[in-house]
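Read through the structure below, which is laid out as structure tokens, and then see the notes.
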Amino acid sequence: MIEKPRTLLAMGRRVGERLLTAPVRERLVQVADVDPYLVADDFTDPRVRAALAGTEVLYTSWGCPPITAAVLAAAPRLRAVVHAAGSVKGHVTPACWQRGLLVSSAASANAEPVAEYTLAAILFAGKRVLEISRLYREHRDELDWDTRFPGFGNYRRTIGIVGASRIGRRVIELLRPFELDALVADPYLTDDLGVPHVELDELLTRSDVVSLHAPALPETRHLIDAARLARMRDGATLINTARGALVDQDALIAELTAGRLYAVIDHTEPEILPSGSPLYDLPHVLLTPHIAGSLGGELARMAELALDELSRYARGLPFAHGVSAETLARIA
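In my numbering, the protein residues as written are 84 to 415.
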């Protein structure tokens, strides 16, 4: 008999309502000793404090409060955090690593929809779908698209992937069936991804589409600044499904206003732009409100991966998607 680990659910209330579907709750009670309807969004709540005392595993998602030293003191049996979402930086504190907690993340599951969104954005960018759709609605007549967009299309276009993260690697895989040429830039990359590994400045100069998949770190803030935007080819497209802080937004707006570059932006700084931001209205921009990651039915993929990890823990197996303090500094 496998002993079920005492588990507490910890995430935002609204996240819990969407993530913890009936099938997820049913499987939870199969692999863990858990109250599937007690969701902690505040570790100071009396019911939660009582549950923490015997908790061995926290099954977390977005909106989980920080697991501080005070929380750990109230949870002396806590041994692991299984995160049914991407980054653990918001709630796994240095005190967790000092305790020696095992940590797992469903970041690889969350990478899939972001990579799918990116692939669609790349293909639409090559065909100038956004701009042609706008012009067609305006003119409502036949136009000479080849004259307006010389050489448009996706055949043998060069796609630059900035960051060999889970998402960046998955995008490279998804591009393989297409007759596109990919490049990758990442200072930490040591393995062969089957595409040329080049310096960032070279990638920007050579690419028709540049897609960002680097983490937001102090050293990557405004990684794509005015000087690097100026290196991009006329008519090139910048895709940002990573973090708004990677791009000097004012410099990008200047390039977009001039009409020299195109952009597909799913993450900005701040995340909700002021109502007067030019990015809402510039014709060369496809702006979406941080929807590339897991939403709707895609949440089930993350929940299932986290349940698999919880099951592995219960059977005494190592996590398949573990996160360490050493790798945390270089990931999202």
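We put the beta carbon where it would ideally sit given N, CA and C, even for glycine.
Residue i, enclosing beta strand (DSSP E) - first and last residue
{"i": "Ile-242", "result": "241-245"}
{"i": "Ala-319", "result": "No beta strand (DSSP E) contains Ala-319, which DSSP labels as neither H nor E."}
{"i": "Pro-119", "result": "116-123"}
{"i": "Tyr-345", "result": "345-348"}
{"i": "Thr-351", "result": "No beta strand (DSSP E) holds Thr-351; DSSP gives it neither H nor E."}
{"i": "His-166", "result": "163-166"}
{"i": "Asp-142", "result": "Per the sequence shown, residue 142 should be read as Tyr rather than Asp. Where Tyr-142 is concerned, the enclosing beta strand (DSSP E) stretches over 140-143."}
{"i": "Val-131", "result": "Here Val-131 belongs to no beta strand (DSSP E); instead the alpha helix (DSSP H) covers 129-135."}
{"i": "Thr-90", "result": "89-93"}
{"i": "Val-292", "result": "292-295"}
{"i": "Asp-264", "result": "264-268"}
Classification of residue i by the beta-carbon crowding that lies within 10 angstroms, buried from 16 upward
{"i": "Ile-85", "result": "exposed"}
{"i": "Ile-150", "result": "buried"}
{"i": "Glu-139", "result": "buried"}
{"i": "Tyr-271", "result": "exposed"}
{"i": "Thr-410", "result": "exposed"}
{"i": "Gln-113", "result": "exposed"}
{"i": "Thr-351", "result": "buried"}
{"i": "Glu-100", "result": "exposed"}
{"i": "Ser-216", "result": "exposed"}
{"i": "Thr-90", "result": "buried"}
{"i": "Arg-311", "result": "buried"}
{"i": "Ile-244", "result": "buried"}
{"i": "His-404", "result": "buried"}
{"i": "Val-106", "result": "Residue identity differs from the one stated: residue 106 is Pro in this sequence, not Val. By the 10 Å Cβ count, Pro-106 comes out exposed."}
{"i": "Glu-262", "result": "exposed"}
{"i": "Pro-109", "result": "For the sequence presented, residue 109 should be read as Glu rather than Pro. The residue is exposed, with fewer than 16 neighbouring Cβ atoms inside 10 Å."}
{"i": "Ala-167", "result": "buried"}
{"i": "Ala-346", "result": "buried"}
{"i": "His-222", "result": "exposed"}
{"i": "Asp-224", "result": "exposed"}
{"i": "Leu-258", "result": "buried"}
{"i": "Ser-358", "result": "exposed"}
{"i": "Asp-317", "result": "exposed"}
{"i": "Glu-302", "result": "exposed"}
Residue from the options whose Cα sits closest to the Cα of residue i
{"i": "Ala-163", "options": "Gly-146, Trp-145 and Gly-137", "result": "Gly-137"}
{"i": "Gly-376", "options": "Pro-177, Pro-196 and Ala-156", "result": "Pro-196"}
{"i": "Val-368", "options": "Leu-344, Leu-390, Leu-382 and Ser-358", "result": "Leu-344"}
{"i": "Ile-307", "options": "Arg-316, Asp-317 and Leu-321", "result": "Leu-321"}
{"i": "Met-94", "options": "Pro-119, Tyr-219, Asp-284 and Arg-110", "result": "Pro-119"}
{"i": "Arg-304", "options": "Glu-285, Asp-284, Leu-329 and Leu-295", "result": "Leu-329"}
{"i": "Asp-349", "options": "Leu-266, Tyr-219, Pro-301 and Thr-324", "result": "Thr-324"}
{"i": "Asp-128", "options": "Ala-115, Pro-148, Leu-111 and Glu-109", "result": "Pro-148"}
{"i": "Arg-231", "options": "Ala-334, Glu-256 and Tyr-219", "result": "Tyr-219"}
{"i": "Glu-285", "options": "Met-315, Glu-256 and Pro-260", "result": "Met-315"}
{"i": "Pro-300", "options": "Lys-172, Gly-399 and Pro-401", "result": "It is worth fixing the name first, because residue 300 is Leu in this sequence and not Pro. Nearest option by C-alpha distance: Lys-172."}
{"i": "Asp-124", "options": "Arg-211, His-174 and Leu-111", "result": "His-174"}
{"i": "Pro-372", "options": "Leu-111, Leu-356 and Arg-398", "result": "Leu-356"}
8 Å contact criterion, which residue i and residue j should meet: CB distance rounded
{"i": "Tyr-396", "j": "Pro-88", "result": "6 Å"}
{"i": "Ala-313", "j": "Asp-331", "result": "About 11 Å separates the two Cβ atoms, so there is no contact after all."}
{"i": "Val-254", "j": "Thr-201", "result": "5 Å"}
{"i": "Arg-182", "j": "Leu-155", "result": "6 Å"}
{"i": "Val-98", "j": "Gly-146", "result": "5 Å"}
{"i": "Val-292", "j": "Ala-319", "result": "7 Å"}
{"i": "Val-165", "j": "Leu-393", "result": "5 Å"}
{"i": "Asp-264", "j": "Thr-241", "result": "5 Å"}
{"i": "Ile-250", "j": "Ala-189", "result": "Not really, about 13 Å apart at Cβ, beyond 8 Å."}
{"i": "Gly-327", "j": "Glu-354", "result": "7 Å"}
{"i": "Ala-157", "j": "Leu-185", "result": "With 8 Å as the limit, Ala-157 and Leu-185 do not qualify as a contact, their Cβ atoms being about 19 Å apart."}
{"i": "Gly-236", "j": "Ala-297", "result": "Actually they do not touch by this definition, with Cβ atoms about 28 Å apart."}
{"i": "Arg-239", "j": "Leu-276", "result": "Contact flag wrong, Cβ pair sits at about 19 Å."}
{"i": "Val-420", "j": "Ser-187", "result": "Given a span of 84 to 415 for the chain in the structure shown, any question on residue 420 remains unanswerable."}
{"i": "Trp-180", "j": "Ala-408", "result": "4 Å"}
{"i": "Leu-266", "j": "Ser-294", "result": "Actually they are not in contact, since the Cβ atoms of Leu-266 and Ser-294 sit about 11 Å apart, beyond 8 Å."}
Element boundaries [alpha helix (DSSP H), containing residue i]
{"i": "Arg-398", "result": "Unbroken run through Arg-398: none, as it is neither H nor E."}
{"i": "Val-254", "result": "249-258"}
{"i": "Ala-337", "result": "332-341"}
{"i": "Leu-411", "result": "408-411"}
{"i": "Tyr-219", "result": "212-222"}
{"i": "Ser-170", "result": "That residue, Ser-170, is in no alpha helix (DSSP H); it is neither H nor E in DSSP."}
{"i": "Asp-229", "result": "228-231"}
{"i": "Gly-360", "result": "Reading the sequence as shown, one finds Ser at residue 360 and not Gly. Taken as a continuous stretch (DSSP letters only), Ser-360 belongs to no alpha helix (DSSP H), as it is neither H nor E."}
{"i": "Val-154", "result": "152-156"}
{"i": "Ala-198", "result": "190-209"}
{"i": "Ala-178", "result": "177-182"}
{"i": "Val-286", "result": "The question names Val, but residue 286 in the sequence shown is Leu. Here the alpha helix (DSSP H) through Leu-286 covers 283-289."}
{"i": "Val-368", "result": "Counting along the chain, Val-368 falls outside any alpha helix (DSSP H), though it belongs to the beta strand (DSSP E) covering 368-370."}
{"i": "Val-278", "result": "First-last for Val-278: undefined, no H or E at that position."}
{"i": "Glu-100", "result": "96-102"}
7 Å Cβ cutoff, residue i in contact with chain C
{"i": "Asp-333", "result": "No chain C is present in this structure, which holds just one protein chain."}
Three or more C-beta pairs closer than 8 Å, one from the stretch 203-211 and one from the stretch 141-155: is that the case here? no
Are three or more beta carbon pairs between the stretch 353-362 and the stretch 375-391 nearer than 8 Å? no
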